[in-house]
Amino acid sequence: MPNAEKSRYGVVAFVGRPNAGKSTLLNRILGQKVSIVSPKPQTTRNRIIGILNDPRGQIAILDTPGIHKPLHKLNVRMMDHVRSSVSEADVVALLVDVTEEFGHGDQYALDLVKEAKGKRIAVLNKIDLLRKNKLLPLIQRYSDTGLFDEIVPLSASTGDGVDELLNVLFKMIEPGEPMYSREDFTTQPERFFAAELVREKVLQHTGDELPYTTAVAVERWEEEEEKNLIKIYATIVVERESQKPIVIGKRGDMIKRIGTETRLELESILGAKVFLDLHVAVHERWREDERFLGELEWPLR
Ligand SMILES: Nc1nc2c(ncn2[C@@H]2O[C@H](COP(=O)(O)OP(=O)(O)OP(=O)(O)O)[C@@H](O)[C@H]2O)c(=O)[nH]1
Ligand SMILES: [Mg+2]
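Residue numbers for the sequence shown follow our numbering, beginning at 7 and rising by one.
In structure tokens:
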């Protein structure tokens with residue numbers, strides 16, 4: 007068989023500034039939600055592995071937190087996920103939001119992908135929001151850095167250009183055996199994803215007060231197989247007493263909304279009835295508490 011038809015395998019890391027659309031692109035490529043999305047920066051806090059199975063082979067896609075200067079231990083861990091992903095990947099894809107002016111943050115991101123030993127692609131995302139004549143100078147700018155083997159403009163939201171990206175990626179990776187089962191599309195446990203979904207609803211429905219200061223921990227997970235029922239007990243952690251009423255809402259309407267939306271989405275993903283019990287707790291300075299941060303991450307290890 008000629009080489010070109012051999013099944014390929016590779017690891018591709020999606021990196022970029024917060025809000026660039028890394029998680030949206032991963033979900034679009036997989037045709038399935040594996041990583042939460044919100045209009046607020048720093049939505050993704052861990053490394054989420056998505057597995058693309060395709061007749062051409064398998065790609066493990068690493069979705070990572072947005073590149074930023076870390077001010078808390080939480081953020082140091084987030085940036086560790088970015089760096090380790092950059093160094094492990096066969097291809098690093100730097101996602102850029104084309105609607106944002108080029109700034110210090112973008113230079114910081116370029117400096118970081120410079121460290122990659124593998125190949126590099128610049129993915130210019132959100133072209134659905136940009137007039138065509140604005141795109142060319144941006145392509146030129148990223149081409150002039152001399153860092154990238156390819157530059158691919160696309161829209162993760164509409165899917166425009168995504169097939170082209172996949173063509174490029176499958177050409178860049180080498181022939182090789184798949185690392186993961188061909189049936190899998192992610193490595194994260196359901197328990198972790200359930201906590202993430204709750205956090206996504208908090209990010210989507212509350213204002214700017216909460217995004218950075220909320221964590222969600224699943225305390226208990228009980229399956230009653232004969233009833234096809236999963237009982238999930240989770241805690242929404244905030245930093246200050248004054249943030250509790252924001253999550254709970256007037257007469258509990260906010261937490262009810264968060265709970266209902268999460269439950270409906272989980273039921274359709276898990277194919278089971280879900281009972282979801284949500285509590286709110288205060289943990290001051292949780293972003294500095296290494297033990298707590300480790301507990302939040304343990305399901306991923
Ligand atoms: N119009 C448009 N919006 C997009 C596109 N891709 C992502 N978005 C939006 O941009 C916002 C951020 O998307 P995310 O996928 O959460 O971005 P991210 O890079 O994963 O962000 P962090 O996890 O915070 O680093 C969301 O509101 C998305 O709906 C796109 O191609 N077009
Ligand atoms: Mg993300």
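Even for Gly, the Cβ is constructed at its ideal location relative to N, Cα and C. Remember, predicted model here, so these are calculated numbers, not experimental data.
Endpoints, the beta strand (DSSP E) within which residue i is located
| i | result |
| --- | --- |
| Q64 | G63 to D69 |
| R14 | R14 to G22 |
| G56 | I54 to D60 |
Per DSSP, the bridge partner or partners of residue i
| i | result |
| --- | --- |
| N131 | D103 |
| V222 | I242 |
| L235 | E230 and K279 |
| P76 | In the DSSP output, where bridge partners are listed per residue, P76 has none listed. |
| H285 | T241 |
Other residues of its chain near residue i: CB distance less than 8 Å, five sequence neighbours each side excluded
| i | result |
| --- | --- |
| G255 | I261, K262 and R263 |
| V288 | V243, V244, E245, R246, E247, Q249 and K250 |
| R188 | N59 and Q64 |
| I133 | V104, L141, P159, L160, S161, D166 and G167 |
| V78 | According to the sequence shown, residue 78 is His rather than Val. Taken in chain order, the residues that qualify are R293 and E294. |
Cβ separation of residue i and residue j, assumed to be a contact under 8 Å, to the nearest whole Å
| i | j | result |
| --- | --- | --- |
| T50 | P71 | 5 Å |
| V253 | V204 | So it is not a contact: roughly 10 Å between Cβ atoms. |
| G16 | D96 | 4 Å |
| L302 | A221 | 6 Å |
| F198 | L306 | 6 Å |
Proximity test, Cβ basis, 8 Å: residue i and chain D
| i | result |
| --- | --- |
| V129 | The structure shown contains no chain D; it holds only a single protein chain. |
Contacting residues, own chain, Cβ-Cβ under 6 Å from residue i (five flanking each side not counted)
| i | result |
| --- | --- |
| E156 | I127 and V174 |
| H285 | T241 |
Span of the alpha helix (DSSP H) around residue i
| i | result |
| --- | --- |
| E5 | In the structure as shown, the chain starts at 7 and stops at 307, and residue 5 therefore has no counterpart that could be examined. |
| A201 | E196 to H211 |
| I35 | K28 to L36 |
Chain-order list of residues whose beta-carbon lies under 7 Å from that of residue i (same chain, five-residue window excluded)
| i | result |
| --- | --- |
| K12 | P181 |
| A278 | N234, L235 and I236 |
| T219 | V244, E245 and Q249 |
| L299 | K79, L80 and R83 |
With a cut-off of 8 Å, do at least 3 Cβ pairs link the segment 206-213 to the segment 112-131? Output reads no: the segment 112-131 does not touch the segment 206-213.
With contact counted as at least three CB pairs below 8 Å, one residue from each stretch, are the segment 84-102 and the segment 21-28 in contact? Yes, the segment 84-102 is in contact with the segment 21-28.
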